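The block underneath contains the structure these notes are about, expressed in structure tokens.
Residue numbers (this note's numbering): 24 to 116.
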């Protein structure tokens with residue numbers, strides 16, 4: 024399961040250096056304002072899908088993808104976030 028998430032992060036990072044300009048991921052990585060707007064939009068869509076009990080999985084996937092792209096665009100590494108979550112878990116044990 025988490026291998027798939029690692030693979031997604033790897034693809035996002037590869038797209039950052041891709042030469043093709045038609046990459047949606049690269050567009051988001053290069054346009055932080057657009058990336059932020061997409062995160063906000065996708066979170067709102069997830070909230071609505073939960074309230075309506077429809078498309079929750081699809082909207083959750085969109086949130087995760089756009090959040091990971093936003094993080095990469097802003098030099099926030101998922102590895103550092105995981106370390107922080109582990110630190111908090113250990114602190115609360």
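Yeah, the Cβ is synthetic: ideal placement off N, Cα and C, and Gly gets one too.
Model, not experiment: these values are computed from the prediction.
For residue j and residue i, believed in contact at Cβ under 8 Å, the rounded distance
i, j, result
"residue 20", "residue 90", "This structure cannot settle anything about residue 20, because the visible part of the chain is limited to 24 through 116."
"residue 86", "residue 65", "5 Å"
CB contact flag (residue i, residue j, <8 Å)
i, j, result
"residue 93", "residue 69", "no"
"residue 55", "residue 95", "no"
Between the CA atoms of residue j and residue i - distance to the nearest angstrom
i, j, result
"residue 34", "residue 82", "20 Å"
"residue 49", "residue 77", "29 Å"
"residue 104", "residue 112", "12 Å"
"residue 115", "residue 109", "10 Å"
"residue 29", "residue 67", "25 Å"
Closer than 8 Å to chain C by CB, residue i
i, result
"residue 66", "No chain C is part of this structure, which consists of one protein chain only."
Proximity winner among the options, relative to residue i (alpha-carbon distances)
i, options, result
"residue 57", "41, 97, 112", "97"
"residue 25", "101, 114, 111, 115", "101"
"residue 27", "75, 106, 84", "84"
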